[in-house]
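Colleague: Let me begin by handing over the structure; questions about it come next.
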Amino acid sequence: MIIFLPLLLGLSLGCTRAGGFVAHVESTCLLDDDGTAKDFTYCISFNKDLLTCWDPEENKMVPCEFGVLNPVANGISHYLNQQDTLMQRLRNGLQNCTTHTQPFWGSLTHRT
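FYI, in mature numbering (1 follows the signal peptide of the UniProt record, and there is no 0) the residues of the sequence shown are -18 to -1, 1 to 94.
Below, the structure is given as structure tokens:
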């Protein structure tokens, strides 16, 4: 996660007249009834505006913002796509969802 610090610093310094901002990373694992992962998402947002998301078909982070923040979204996508460790983790995202949720699946889902 250390790779996001320069990005967050750049976003904060670029918004000098803003009263506040929120930049965050969001990820989801969509599981079926048996706990098998069916979908995995990983996105970076700025003030609730999606900037870039993992695209498993393209095997890279792609810009999701096509308005005024498009240059920022392109820059973040380009930067993240050069981070080999992150790219490997995202490529394994669907499998990791299943692996990491299995120990908890039975106790959290089979309620009486």
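Quick reminder that beta carbons are idealized off the backbone N, C-alpha and C, glycines included.
Short check: CB of Y24 to CB of L72, under 8 Å?
Modeller: Taking 8 Å as the Cβ cut-off, Y24 and L72 qualify as a contacting pair.
Colleague: Would you kindly work out how many angstroms separate the C-alpha atoms of N52 and G88, rounded to a whole number?
Modeller: 43 Å
Colleague: Just to confirm, are S59 and T34 a CB contact at a threshold of 8 Å?
Modeller: Yes, the pair counts as a contact, with Cβ atoms nearer than the cut-off.
Colleague: Per DSSP, what kind of secondary structure is L68 in: helix, strand or coil?
Modeller: L68 carries a helical assignment under DSSP once its states are collapsed to helix, strand and coil.
Colleague: Could you tell me the boundaries of the beta strand (DSSP E) in which C11 lies?
Modeller: A5 to L13
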